[in-house]
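>
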Amino acid sequence: MSNTEAVRGGYVHLGAGDDEARVYYEECGEGPALLCLHTAGADSRQWRHLLADEEITSHRRVVAFDLPWHGRSLPPGRWWEREYRLTTGEYARRTLQLAEALELTRPTVVGCSVGGATVLDLAWHHAAEIGGAIAVEAAAKIVGRFSDLSIRPDVNGAEFVASWTYGLMAPQSPEALRREVWWIYAQGGPGVYRGDTWAWSEDWDLRGHEGEVDTARCPLWILCGEYDYVCTPEAALATAEAIPGAEAAVMADLGHFPMSEDYGRFRPYLLKALDDIAARSGRPS
Amino acid sequence: MDDEDFPGAAFFLRLGRRMATDPELAVCGRFLDLAVGFESDGNRQVITFHEGQLVGVAPDREDGVDLAFSGSHEDWERFLSREPPPGYADVVGMDRRGDTFSITGDATVLARHLRALSCVLRLARAEATAGAP
Chain A
24 MSNTEAVRGG YVHLGAGDDE ARVYYEECGE GPALLCLHTA GADSRQWRHL LADEEITSHR
84 RVVAFDLPWH GRSLPPGRWW EREYRLTTGE YARRTLQLAE ALELTRPTVV GCSVGGATVL
144 DLAWHHAAEI GGAIAVEAAA KIVGRFSDLS IRPDVNGAEF VASWTYGLMA PQSPEALRRE
204 VWWIYAQGGP GVYRGDTWAW SEDWDLRGHE GEVDTARCPL WILCGEYDYV CTPEAALATA
264 EAIPGAEAAV MADLGHFPMS EDYGRFRPYL LKALDDIAAR SGRPS
Chain B
1326 MDDEDFPGAA FFLRLGRRMA TDPELAVCGR FLDLAVGFES DGNRQVITFH EGQLVGVAPD
1386 REDGVDLAFS GSHEDWERFL SREPPPGYAD VVGMDRRGDT FSITGDATVL ARHLRALSCV
1446 LRLARAEATA GAP
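In order, the protein sequence lines correspond to chains A and B.
Quick note, the first sequence lines up with residues 24 to 308 if you use the numbering used here.
Quick note, the second sequence lines up with residues 1326 to 1458 if you use the numbering used here.
1. I'd like to know if LEU1357/B contacts chain A, where contact means its C-beta is closer than 8 Å to some C-beta of that chain.
2. Count the other CB atoms within 10 Å of the CB of TYR250/A; is the residue buried (16 or more) or exposed (fewer)?
3. Unbroken beta strand (DSSP E) runs of length 3 or more, entirely within the segment 45-76 of chain A: which are they?
4. Is the CB of ASP1415/B under 8 Å away from at least one CB in chain A?
5. Taking the beta strand (DSSP E) that TYR34/A belongs to, which residues open and close that run?
6. Name the residues in the segment 1403-1428 of chain B whose C-beta lies less than 7 Å from a C-beta of chain A; which are they?
7. According to DSSP, GLY1396/B sits in a beta bridge with which residue or residues?
8. Would THR1373/B pass as an interface residue toward chain A - the criterion being a Cβ-Cβ separation below 8 Å?
9. Just by C-beta distance, which residues in the segment 1430-1457 of chain B are closer than 8 Å to chain A?
10. Quick one: residues in its chain with C-beta nearer than 7 Å to the C-beta of ILE245/A, no 5 flanking neighbours on either side, listed in chain order?
11. Quick one: list the residues of chain B neighbouring LEU172/A, beta-carbon separation under 7 Å, in chain order.
12. Just reading off the beta strand (DSSP E) that TRP244/A is part of, what are its end residues?
13. Quick one: is VAL204/A near chain C, going by C-beta distance under 8 Å?
14. Leaving aside the five residues before and after LEU191/A along the sequence, list all residues of the same chain whose C-beta is less than 8 Å from its C-beta, in chain order.
15. If you check the beta carbons only, do GLU233/A and ALA265/A fall under 8 Å apart?
16. Are the segment 208-217 of chain A and the segment 165-174 of chain A in contact at 8 Å, needing three or more beta carbon pairs?
17. Tell me, which residues are paired with GLN1370/B by DSSP?
18. In whole angstroms, what separates the C-alpha of TRP221/A from that of GLN120/A?
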């Protein structure tokens, strides 16, 4: 009997010249697109449980990709000559490039952490190009996560970053899945987590602009695990409250990596958000 | 304070026995050579680790400590419970709150040893909840 997953992987080239990046993506299913953005220093493996959720992929095309510098996506040209620092605008740009390359028409985007901040950025600046937004572990402003510790020669950056992020998860989440999150983090390239947290906790700032997010054109949900001590439930709820029309939920017994640390607990919140976005945008759920 | 409970000396001696047989610490603790203070409402023990094993328990240490974890009795009781509530599951997160719990010392030392120290703290939680319903 076959034990093969239905998920398929592929590569697509985004950009041109020194901006060109060979980007890896995985997908499963047919129907309206759901495009998944990973967290800082990680890759599309974080979405493997959603990609294997047949109830969702039976009527949705779920796509997850590795941002350049992450997972199986190589950095763009002459990467060794510059310090890696991401911005949410850059993550959004690559997301839209990928959507165009894969012919995803107004995809619903779901992203976590810096991916969640990027989802907010997309809803703010590109509402016409996406069909709905689910920002997980996201708020208008995050502070205190950018640090040079992981690039010091006297620190094992891989182990440090993995252990630092491990504590963001809920103790109720299955240990094997929390350890998987640790493992994925330990495989990040040198300086990549640090560079991503530049986007997350230095560059990204929605404060004062919440009213500019058009949830009539792009329905928005913000989801936050109650154990996340960096993007706290209080911060996530305050952001949702400041965005007219945004919906929000605090997820019990979950931390900063809900789709990876315990997909079964995350799933009802995700389905509720997807159904609501579909109903508000007049598209099939 | 009951010597059998955290941060009593007897508690740490039991923790040392648990550490000696832990398979994960055998993998990740080889370079754990530190003196670490643990303080709860003014009750303090300095624990000396060598090559990932607990080799000393004393109320203080002439050479000082590399790192210190200090908090209220309530902080530690919640952290060491079988299912810590939100805000009390991780010492780095507790330190981030900036109220009754703090981690002091060189942040680089903490970063260098975070994996092994996290393992020790996981074992401390296991020891604190051993036999509890």
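All C-beta atoms, glycine included, are put in the ideal place defined by N, C-alpha and C.
On the basis of the supplied data:
1. Answer no: the Cβ-Cβ gap between LEU1357/B and chain A never drops below 8 Å.
2. Its Cβ being crowded by 16 or more others within 10 Å, TYR250/A is buried.
3. Listed in chain order, they are 56-60.
4. Using beta-carbon distances, ASP1415/B counts as an interface residue toward chain A, with a partner under 8 Å.
5. Start and end: 31-37.
6. Only GLU1408, PRO1409, PRO1411, GLY1412, ALA1414, ASP1415, VAL1417, GLY1418, ARG1421 from the segment 1403-1428 of chain B bring a Cβ to less than 7 Å from some Cβ of chain A.
7. Beta-bridge pairing links GLY1396/B to SER1365/B.
8. Any Cβ of chain A closer than 8 Å to the Cβ of THR1373/B would place that residue at the interface, and such an atom is absent.
9. Those would be ALA1432, THR1433, ALA1436, ARG1437, LEU1439, ARG1440, SER1443, in chain order.
10. Its chain contains ALA158, ALA161, ALA259, THR262, ALA263, ALA269, ALA271 as the residues whose beta carbon lies nearer than 7 Å to that of ILE245/A, once the 5 sequence neighbours on both sides are disregarded; these appear in chain order.
11. Annotation: Cβ neighbours of LEU172/A in chain B (cutoff 7 Å, chain order): ALA1432, THR1433, ALA1436.
12. 243-248 is the span of the beta strand (DSSP E), which, as asked, contains TRP244/A.
13. This model lacks chain C altogether; the protein chains it does include are A and B.
14. For LEU191/A, where only same-chain residues beyond five positions count, the Cβ hits under 8 Å are TYR250, ASP251, TYR252, VAL253, GLY278, HIS279, PHE280.
15. A Cβ-Cβ contact shorter than 8 Å links GLU233/A with ALA265/A.
16. Contact check between the segment 208-217 of chain A and the segment 165-174 of chain A: three or more CB pairs, one atom from each, fall below 8 Å, which counts as touching.
17. Paired residue(s): PHE1363/B.
18. Using only the alpha carbons, I get a separation of about 22 Å.
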